[in-house]
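Engineer: I'd like to ask some things about the structure below.
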Amino acid sequence: MLPISPPTISIVVPVYNSSITLFELVQRLDNTLSKISSAYEIILVNDGSYDDSWETIKNICAQYQIVRGINLMRNYGQHNALLCGIRAARCEFIVTMDDDLQHPPEEIPALIEKLSEGYDVVYGFPRKLPHSFWRNLFSRLTKRVLAMVMGIKTVREISAFRAFRRDLRKAFDHYSSPGVIIDALLSWGTTNFTSILVDEKPREQGRSNYNFLKLAGQGLLVLTGFSTIPLRFASWLGFFITLVGFLVFVYVVIVYFTLGSIPGFPFLASIISIFSGAQLFTLGIFGEYLARIFDRSIERPTYRIHQIINSETGLDE
Numbered sequence: 033m034l035p036i037s038p039p040t041i042s043i044v045v046p047v048y049n050s051s052i053t054l055f056e057l058v059q060r061l062d063n064t065l066s067k068i069s070s071a072y073e074i075i076l077v078n079d080g081s082y083d084d085s086w087e088t089i090k091n092i093c094a095q096y097q098i099v100r101g102i103n104l105m106r107n108y109g110q111h112n113a114l115l116c117g118i119r120a121a122r123c124e125f126i127v128t129m130d131d132d133l134q135h136p137p138e139e140i141p142a143l144i145e146k147l148s149e150g151y152d153v154v155y156g157f158p159r160k161l162p163h164s165f166w167r168n169l170f171s172r173l174t175k176r177v178l179a180m181v182m183g184i185k186t187v188r189e190i191s192a193f194r195a196f197r198r199d200l201r202k203a204f205d206h207y208s209s210p211g212v213i214i215d216a217l218l219s220w221g222t223t224n225f226t227s228i229l230v231d232e233k234p235r236e237q238g239r240s241n242y243n244f245l246k247l248a249g250q251g252l253l254v255l256t257g258f259s260t261i262p263l264r265f266a267s268w269l270g271f272f273i274t275l276v277g278f279l280v281f282v283y284v285v286i287v288y289f290t291l292g293s294i295p296g297f298p299f300l301a302s303i304i305s306i307f308s309g310a311q312l313f314t315l316g317i318f319g320e321y322l323a324r325i326f327d328r329s330i331e332r333p334t335y336r337i338h339q340i341i342n343s344e345t346g347l348d349e
């Protein structure tokens, strides 16, 4: 059951080259939210789109006072745009969703109802994943890794369609790194996560902006930007290779005293390859962490806002 006092809801949508779907998205959101909320707002964050998405957002803002448009100076990434919109949200509950109509606005009441049961974060996970087998497999693997890094045992199905309490922003108020993973930031403020199944629709226009390389990059960011798991793995790898080296030494000594000779170049080359590969792999892990430190040391911005429409004071440049 929904609470007796209807919650106020902020919808945050990162927009990237989706001018075709925005009007329908806002219409469906307005129809859905008007039935469950006493006050609500829709925040559209244009993340450096190269189509006419920003012009569409301005037209929507002229028709709907509940819509606020934020135009970033360039493309910073989906999670960076989400962080911008989340910080601008003014309502009790915040819902994030994609701009391509894959996340049906009609499923938002189910997220809010589950949130009202006392949870802090609720994910809407699709009953059937809409992409190809390999894309779904890799996406699911990336999200499982993220759940492991977050240390949340109550949820393994992480989605961009999520609802959470605005108070969680306090946990990452001062976060300023260019590498952003919203789910990891939310885990800094709570462990009270859950998920529900929703009917996710196939993408109606265009195609997903996430390919294999982007998913791999996001997985690497999760591991090296928000955990020390790779460093610990490098330590254990070093220990294991040292143990192998010791066993090889014992083997060489035994062969020498029993047979009087030891295997030649192939044996030596294989051992050198193992040790060299382990060293280069470990150096690569260290390099990833140094890159994160470098990004923070030069104070690269998480995002920069160029323009806001329908803010409290009207139009801001």
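The opening position of the sequence shown corresponds to residue 33 in the numbering used here, with each subsequent residue numbered one higher. Cβ atoms here follow ideal geometry from the backbone N, Cα and C, with glycine treated the same way. Keep in mind it's a predicted model, so treat the numbers as computed, not measured.
Using 8 angstroms for Cβ pairs, my map puts TYR151 next to THR226. What's the rounded Cβ distance?
Structural biologist: Indeed they touch by this definition, with Cβ atoms about 5 angstroms apart.
Engineer: Nearest by alpha-carbon distance to LEU269: which of LEU300, VAL287, SER308 is it?
Structural biologist: The shortest Cα separation from LEU269 among LEU300, VAL287, SER308 belongs to SER308.
Engineer: Pick out whichever of ASN78, GLU73, TYR72 has its Cα sitting closest to the Cα of ARG336.
Structural biologist: When each option's Cα is compared against that of ARG336, the closest is ASN78.
Engineer: What separation, rounded to the nearest whole angstrom, lies between the Cα atoms of GLY80 and TYR48?
Structural biologist: Taking the straight line from one Cα to the other gives about 7 angstroms.
Engineer: What are the boundary residues of the alpha helix (DSSP H) that includes ILE140?
Structural biologist: Note, ILE140: alpha helix (DSSP H), 140-147.
Engineer: If you run the structure through DSSP and keep just helix, strand and coil, what is SER66?
Structural biologist: Reduced to three states, the DSSP call for SER66 is helix.
Engineer: Measure from the alpha carbon of SER114 to the alpha carbon of each residue in ILE213, PHE55, LEU133, then state which is nearest.
Structural biologist: Looking at the sequence itself, residue 114 is Leu, so the reference to Ser does not match. Selected option, being the one with the closest Cα: ILE213.
Engineer: Can you say whether SER208 is buried or exposed, counting buried as having 16 or more other CB atoms within 10 angstroms of its CB?
Structural biologist: It is exposed - the Cβ of SER208 has fewer than 16 other Cβ atoms within 10 Å.
Engineer: Just tell me which of GLU149, GLY221, ARG194, ILE190 has its CA closest to the CA of ASP205.
Structural biologist: Nearest of GLU149, GLY221, ARG194, ILE190 to ASP205, Cα basis: GLY221.
Engineer: Apply the 10 Å Cβ neighbour rule to GLY156 and answer buried if 16 or more other Cβ atoms are within range, or exposed otherwise.
Structural biologist: So GLY156 counts as buried.
Engineer: Any idea if PRO333 is buried or exposed, counting beta-carbon neighbours within 10 angstroms, 16 or more meaning buried?
Structural biologist: Its Cβ having fewer than 16 others within 10 Å, PRO333 is exposed.
Engineer: Tell me which same chain residues have a C-beta within less than 8 angstroms of the C-beta of LYS202, skipping the five on either side of it?
Structural biologist: Hits under 8 angstroms: GLY221.
Engineer: In terms of residues, what are the limits of the beta strand (DSSP E) holding GLY221?
Structural biologist: Here GLY221 belongs to no beta strand (DSSP E), and DSSP marks it neither H nor E.
Engineer: Within 10 angstroms of the Cβ of VAL230, are there 16 or more other Cβ atoms? Answer buried if so, exposed if not.
Structural biologist: It is buried - the Cβ of VAL230 has at least 16 other Cβ atoms within 10 Å.
Engineer: In whole angstroms, give me the CA-to-CA distance for ALA71 and PRO39.
Structural biologist: About 8 angstroms.
Engineer: Thinking C-alpha only, which one of PHE313, VAL284, PRO141, VAL285 is nearest ILE273?
Structural biologist: If we check each option's Cα against that of ILE273, PHE313 comes out closest.
Engineer: Could you pull the DSSP bridge partners for GLN134 from this structure?
Structural biologist: Answer by DSSP bridge pairing: none, since GLN134 is not bridged.
Engineer: Using three-state DSSP, classify GLU56 as helix, strand or coil.
Structural biologist: Of the three classes helix, strand and coil, the one that applies to GLU56 here is helix, per DSSP.
Engineer: Here's a check: name, in chain order, each residue in its chain whose Cβ is nearer than 8 angstroms to the Cβ of LEU54, leaving out the five neighbours to either side.
Structural biologist: Correct list, in chain order: VAL47, LEU76, SER85, THR88, ILE89, ILE92, ASP131.
Engineer: Can you give me the start and stop residues for the beta strand (DSSP E) that LEU76 sits inside?
Structural biologist: Segment 71-78, the beta strand (DSSP E) holding LEU76.
Engineer: Using the Cβ count rule (16 or more neighbours within 10 Å means buried), how would you classify VAL129?
Structural biologist: Here residue 129 is Met; the residue named in the question, Val, does not match the sequence. With 16 or more other Cβ atoms within 10 Å, it is buried.
Engineer: What is the rounded straight-line gap between the Cα of VAL44 and the Cα of LEU275?
Structural biologist: Spanning the two alpha carbons is a distance of roughly 52 angstroms.
Engineer: From the DSSP output, which residues share a beta bridge with PRO158?
Structural biologist: According to DSSP, PRO158 bridges with VAL230.
Engineer: Assign ALA94 to buried or exposed, taking buried as 16 or more other Cβ atoms, counted over all protein chains shown, within 10 Å of its Cβ.
Structural biologist: Result: exposed.
Engineer: Looking at the secondary structure, which residues open and close the beta strand (DSSP E) in which LEU101 lies?
Structural biologist: Position check: residue 101 holds Gly in this sequence, whereas Leu was assumed. 99-104 is the span of the beta strand (DSSP E), which, as asked, contains GLY101.
Engineer: Candidates PRO262, PRO158, ILE98: which alpha carbon is nearest GLY27's?
Structural biologist: The structure shown does not extend to residue 27, since the chain is modelled only from 33 to 349, so the question has no answer here.
Engineer: How many Å lie between THR223 and ALA192 at the Cα?
Structural biologist: Between THR223 and ALA192, the C-alpha separation is close to 18 angstroms.
Engineer: If you run the structure through DSSP and keep just helix, strand and coil, what is ILE330?
Structural biologist: Coil at ILE330, not helix or strand.
Engineer: Provide the residue(s) that pair with GLN110 in DSSP beta bridges, ordered along the chain.
Structural biologist: In the DSSP output, where bridge partners are listed per residue, GLN110 has none listed.
Engineer: So is SER66 buried or exposed if we call it buried at 16+ other beta carbons inside 10 Å?
Structural biologist: The residue is exposed, with fewer than 16 neighbouring Cβ atoms inside 10 Å.
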